[in-house]
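What follows is one structure encoded as structure tokens, with my remarks underneath.
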Amino acid sequence: MMDGRRRSPARLPLLAAAWPTLAVPLLGLAVVAAIVMGELGRVTMVVALGGAVLLVWAWPKAGVILLMLVVFFVDWAVDELDLLPRYATLASEIILLVLGVRVLLGIIARRRIVGTGIDGPVILLLVLALGSAVAHDIPAFRVALGLRGLFKFMLMFYVLVNLRLGERFYRRAIALMVGVAFLQIPITVWQFAVLGLRDDRVSGSLRSTGILTILLIFVICLMVGLFVRHRPRPIYLLATFGLFFMPVIGEAKGFFFLLPPTLLFLFRRAVLASPIRAAGALAVMALPFFAAAALFGSVEGNEEMLPVVLEPSRFFTDQSIGVSATSRLGEILVSHAEVSRSPETFLVGYGLGSRTFAFADVEKFTSAVLYHAPVAGRIYELGYLGTALYFLMHYQLLRRAVRLRRVVADRFWRAVCFAFPGAVFAFVAGMAYTEVAEKPVAFAFWFLAAAVHTAGASRQTAPAPAPVGAEAVAHP
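Heads up: the sequence shown runs through residues 9 to 484, numbered per this note's numbering.
So this is what it looks like as structure tokens:
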């Protein structure tokens, strides 16, 4: 019966509404116990982490936020601050596993999985990678490490879209991720001015100036998108000025080579759609860019940027390995020569894990590819067919964002969809610069991809808008 009164939602008991917040003190207790250690500390840490896992299961939104914080800060706390034991680096896998099992049980119960635009390339890539590894007798442990490195955050993407967290959650989570990026400013200043670190060690909590570079470009794209597509507030652009300081003190030359083409790609159509805002944004962004480039050589230990600009081949040279420098471009050429030995390896490579080495102890295991240019490792392990499928996934994600940008009315999501192609460009181009598949930047990329997918899916399933005037007729 329609009596005009709005039904209030059922009131949850106070405990049911408040108990998920116990995850924070439980995790704090686990961290303190890990620092203090001892037998009692170990037991306390295990109990606290067990409770936190149960809370992540019951409150997946908290689990996703926790995963974000773990990805951005735990490795730093373990390897540089020495605050946590080595096995704490497995926390991201544990959280992702808990969320994945929860999603899997939900899929079984519903008998339905949320599809995405990249399902085909992902399945083909997985079959190709495993088939090639089996054909070349790659040890199972190395294949597992290869799968972890290549598919870990792709799996997270599918977990996120099947959790159906909603647009409101992604709005807040994106704001938090941007805040984490800006938090790198005081961390890098502390590393440079107080600890006296230099070069690649001045990288905030990300432990790599290459990863920091691409994350900063992601955030700059988002802030520019907010200015162009959300509201033309100067604060969006002025806030990015502090981000240009970090590549200078961290000697991240790649930032100055990747940012200009990324912005040009980002504005390839915005110049026609919003010429005044686009021109204003580019003009404002040019100020900190050239100022940072001019100050680059004034930092102790940094090379002058001008010789690098005049001789771009120096950008592709990794001079951090003693006297013997390794050319990233040379690695790609060597990888091409290796897979060109036969038509089979040219197409499917030598198998996932064939160029992955592992080092393990009782507390930690990880993997790394024997190439500084990850695209060279992709070509060697997956061949040109697998590499093409890998790039096709990113192209499909870009197309979805472009299509959604044309129809979405919400200005925030228009800004995100405007910025996401720039993130795709920087992520793909970064494969020639640093390892991006299993680092914090991979989390940021696939998280943004899940946010764009969620925004698009909610509009595909929303009811069609009522004709003009219908609301006035229904409610005179």
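Positions of the beta carbon are idealized from the N, C-alpha and C atoms, including for glycine.
Just so it is clear, the structure is predicted and the values come from calculations on it, not from any experiment.
Please say whether Ala99 and Val79 have beta carbons closer to each other than 7 Å? Along the sequence shown, read from residue 1 onward, the residue named residue 79 stands at position 71. Along the sequence shown, read from residue 1 onward, the residue named residue 99 stands at position 91. No, they are not a contact pair.
Short of 7 Å in beta carbon distance, which residues of its chain neighbour Met231, apart from the five on each side in sequence? Order them along the chain. Start at 1 with the first residue of the sequence shown, and residue 231 comes out as number 223. Contacts found: Tyr244, Leu245, Ala247 and Thr248.
Limits of the unbroken alpha helix (DSSP H) element including Ala427: Locating residue 427 in the sequence shown gives position 419, where the first residue counts as 1. Arg419 to Ala437 is the span of the alpha helix (DSSP H), which, as asked, contains Ala427.
Which same chain residues end up closer than 7 Å to Ser466 when comparing Cβ atoms and leaving out the 5 residues on each side of it in sequence? Within the sequence shown, residue 466 is the residue found at index 458, counting from 1. Excluding positions up to five away in sequence, the list reads Glu175.
If contact is defined by three or more beta carbon pairs under 8 Å, each pair taking one atom from either stretch, is the stretch 400 to 411 in contact with the stretch 180 to 199? no
Pick helix, strand or coil for Ala454, following the three-state DSSP scheme. Position 446 of the sequence shown, counted from the start, is the residue given in the question as residue 454. Just to set this straight, residue 454 is Trp in the shown sequence, not Ala. In this structure, Trp454 counts as helix in the three-state DSSP scheme.
Leaving out five residues on either side along the sequence, give the residues of the same chain with a beta carbon under 7 Å from the beta carbon of Gly464. Start at 1 with the first residue of the sequence shown, and residue 464 comes out as number 456. Contacts found: Arg408 and Leu412.
Tell me the residue span of the alpha helix (DSSP H) that contains Lys447. On the sequence shown, position 439 is the one that residue 447 refers to. Run containing Lys447: none; DSSP gives neither H nor E here.
Beta-carbon within less than 8 Å of Phe161's beta-carbon, same chain only, minus the 5 sequence neighbours each way: which residues are those? Your numbering for residue 161 matches position 153 in the sequence shown. If we look at Phe161 and ignore the five residues flanking it on each side, its Cβ neighbours are Ala445, Glu446, Ala450, Phe451, Phe453 and Trp454.
Considering only residues of the same chain and omitting the five flanking positions on each side of Ala384, which have a CB-CB separation below 6 Å? Walking along the sequence shown from the start, residue 384 turns up at place 376. Counting only Cβ-Cβ distances below 6 Å, and skipping sequence neighbours, we find Glu339, Ile340 and Ser343.
Is the beta carbon of Ala434 sitting closer than 7 Å to the one on Thr270? Mapped onto the sequence shown, residue 434 falls at position 426. Mapped onto the sequence shown, residue 270 falls at position 262. Against a cut-off of 7 Å, the Cβ pair of Thr270 and Ala434 comes out as a contact.
Express the C-alpha separation of His144 and Leu220 in angstroms, rounding to a whole number. On the sequence shown, position 212 is the one that residue 220 refers to. On the sequence shown, position 136 is the one that residue 144 refers to. The straight-line gap from Cα to Cα measures roughly 36 Å.
Whole-number beta carbon distance between Ala141 and Gly359, since they are thought to touch under 8 Å: Along the sequence shown, read from residue 1 onward, the residue named residue 359 stands at position 351. Along the sequence shown, read from residue 1 onward, the residue named residue 141 stands at position 133. That belief holds up - the Cβ atoms of Gly359 and Ala141 are roughly 4 Å apart, short of 8 Å.
To the nearest whole angstrom, what separates the beta carbons of Phe273 and Ala301, a pair I think is in contact under 8 Å? On the sequence shown, residue 273 is found 265 positions in, with the first residue counted as 1. On the sequence shown, residue 301 is found 293 positions in, with the first residue counted as 1. No, Phe273 and Ala301 are not in contact; Cβ-Cβ is about 20 Å, not under 8 Å.
Check whether the stretch 59 to 66 and the stretch 103 to 116 are in contact - that is, three or more C-beta pairs closer than 8 Å. yes
Can you tell me the Cα-Cα spacing of Val210 and Leu390, whole angstroms? As a working note, residue 210 is residue 202 in the sequence shown. As a working note, residue 390 is residue 382 in the sequence shown. If I take the Cα positions, the gap works out to 33 Å.
DSSP three-state call for Pro147: helix, strand or coil? Here residue 147 refers to the residue found at position 139 of the sequence shown. Looking at Pro147 - three-state DSSP - the assignment turns out to be coil, as it is neither helix nor strand.
Compare the beta carbon distance of Phe527 and Ala289 with 7 Å and say whether it is the shorter of the two. Outside the modelled stretch of the chain, which goes from 9 to 484, sits residue 527, for which no answer is possible.
Using only the alpha-carbon positions, how far apart do Arg239 and Asp418 sit? One-based indexing of the sequence shown puts residue 239 at position 231. One-based indexing of the sequence shown puts residue 418 at position 410. Those two C-alpha atoms are separated by around 12 Å.
Of all the alpha helix (DSSP H) runs that stay within the bounds of the stretch 237 to 273, which reach a length of 4 or more residues? 242 to 246 and 253 to 257
N- and C-terminal bounds of the alpha helix (DSSP H) containing Gln192: Taking the first residue of the sequence shown as 1, we reach residue 192 at position 184. Note, Gln192: alpha helix (DSSP H), Glu175 to Val197.
Closest by C-alpha distance to Phe253, when choosing among Leu405, Pro147, Gly262 and Phe297: Residue 253 sits at position 245 when you count from the first residue of the sequence shown. The option with the nearest alpha carbon to Phe253 is Phe297.
Within 10 angstroms of the Cβ of Val370, are there 16 or more other Cβ atoms? Answer buried if so, exposed if not. Position 362 of the sequence shown, counted from the first residue, corresponds to residue 370. Because Val370 carries a pLDDT of 35, less than 50, the predicted location of this residue cannot be relied on, and the following value inherits that uncertainty. The residue in question, Val370, is exposed, as its Cβ has fewer than 16 Cβ neighbours within 10 Å.
7 Å CB neighbourhood of Ala459 in its chain, flanking five on each side removed: Numbered from 1 along the sequence shown, position 451 holds the residue referred to as residue 459. Here the set comprises Tyr178, Ile182 and Val424.
Straight-line gap, Leu77 to Trp421 (C-alpha atoms, nearest Å): As a working mapping, residue 77 is identified with position 69 in the sequence shown. As a working mapping, residue 421 is identified with position 413 in the sequence shown. If I take the Cα positions, the gap works out to 23 Å.
Taking the beta carbon of Ile131 as the centre, do at least 16 other beta carbons fall within 10 Å, making it buried, or is it exposed? For the purposes of this step, residue 131 is identified with residue 123 of the sequence shown, where counting begins at 1. Ile131 comes out exposed.
Glu308 lies in the alpha helix (DSSP H); which residues open and close that run? Against the sequence shown, residue 308 aligns to sequence position 300. Looking at the DSSP string, Glu308 is not in any alpha helix (DSSP H), and its letter there is neither H nor E.
Just tell me which of Met439, Ile103, Ala457 and Glu443 has its CA closest to the CA of Pro429. For the purposes of this step, residue 429 is taken as residue 421 along the sequence shown, with counting starting at 1. For the residues Met439, Ile103, Ala457 and Glu443, the minimum Cα distance to Pro429 belongs to Ala457.
For Thr334 and Ala381, I'd like the C-alpha separation in whole angstroms. Position 326 of the sequence shown holds residue 334. Position 373 of the sequence shown holds residue 381. Only weak support exists for where Thr334 lies, its pLDDT of 48 falling under 50; the value from the coordinates is given anyway. Taking the straight line from one Cα to the other gives about 10 Å.
For Ile257, which residues in the same chain have their Cβ closer than 8 Å to its Cβ, ignoring the five residues on either side in sequence? In the sequence shown, the residue the question calls residue 257 occupies position 249. Excluding residues within five positions, the ones whose Cβ falls inside 8 Å are Thr196, Val197, Phe200, Val210 and Val307.
Along the chain, where does the alpha helix (DSSP H) that runs through Ile121 open and close? Along the sequence shown, one-based indexing puts residue 121 at 113. Here Ile121 belongs to no alpha helix (DSSP H), and DSSP marks it neither H nor E.
So, helix, strand or coil for Gly338, using DSSP? Taking the sequence shown and counting its residues from 1, one reaches residue 338 at position 330. DSSP places Gly338 in helix when its eight states are reduced to three.
Based on Cα-Cα distance, which residue from Leu214, Leu171 and Ile146 lies nearest to Asp87? For the purposes of this step, residue 87 is identified with residue 79 of the sequence shown, where counting begins at 1. Of the listed residues, the one whose Cα sits closest to Asp87 is Leu214.
Let me check understanding here. Comparing Cα to Cα, which of Leu133, Asn170, Leu75 and Leu173 lies closest to Phe159? Position 151 of the sequence shown, counted from the start, is the residue given in the question as residue 159. Cα-wise, what sits closest to Phe159 is Leu133.
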